[in-house]
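S.K.: Take this structure first; my questions come after.
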Amino acid sequence: MFETWEELEKSIENCHQCKLGKTRQNIVFGVGNTKAKIMFIGEGPGADEDRTGTPFVGRAGKLMDMAFQAVGINREEVYIANVVKCRPPANRNPEADEAVACLNYLRNQVVLVKPEIIVLLRKCSIKKYFRKRIWNNSI
259 MFETWEELEK SIENCHQCKL GKTRQNIVFG VGNTKAKIMF IGEGPGADED
309 RTGTPFVGRA GKLMDMAFQA VGINREEVYI ANVVKCRPPA NRNPEADEAV
359 ACLNYLRNQV VLVKPEIIVL LRKCSIKKYF RKRIWNNSI
């Protein structure tokens, strides 16, 4: 486990544990309040996110911002991350081995944020990556 955000981000920048590291433009680390009470976790970055290095800035990000506004949440109050930190080609769903390669990075983000609530976005995030067999090591 990394003790600081800087160490964690540097490790992800240097990561090539799966094939996604070969095709990315940028890592998509995470964004927001690092002491947030609410953490949102998506599956993986799309083209806009890969280009900017920021999660949820494309169409999904615009929808997220509208939903936040509707319920009175300020985007800067929450922390937003993805299961995988690099864009899957053609915006396909991340494969299980890619998610497993990134899982310790995501765990470390959760440990550093210490959110009270974690919101998993999309069915794929819940079904594939957070089964007991993968998430069984306590964080």
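The opening position of the sequence shown corresponds to residue 259 in our numbering, with each subsequent residue numbered one higher.
Quick reminder that beta carbons are idealized off the backbone N, C-alpha and C, glycines included.
(1) Look at the Cβ atom of Asp308, then the Cβ atom of Gln283, and state whether they are nearer than 8 Å.
(2) In three-state terms, what does DSSP make of Val341?
(3) Per DSSP, Met297 forms a beta bridge with which residues?
(4) Tell me which residue opens and which closes the alpha helix (DSSP H) that Val369 is part of.
(5) Distance, Cα to Cα, Ala359 vs Gly302?
(6) With distances taken between CB atoms, is the gap from Lys343 to Phe298 smaller than 8 Å?
(7) Hey, how far is the Cα of Gly304 from the Cα of Gly316?
(8) Would DSSP call Val329 helix, strand or coil?
(9) Which two residues bound the contiguous alpha helix (DSSP H) that contains Ile285?
(10) Identify, in the order they occur along the chain, each residue of the same chain with its Cβ nearer than 6 Å to the Cβ of Gly405, setting aside the five sequence neighbours on each side.
(11) According to the Cβ coordinates, are Val341 and Leu364 closer than 8 Å?
M.R.: So, to answer that:
(1) yes
(2) coil
(3) Tyr337 and Ile376
(4) Ala354 to Val371
(5) 13 Å
(6) no
(7) 8 Å
(8) helix
(9) Ile285 -> no alpha helix (DSSP H), and no H or E assigned at all.
(10) For the chain, the structure presents residues 259 to 397; residue 405 sits outside this window and is missing.
(11) yes
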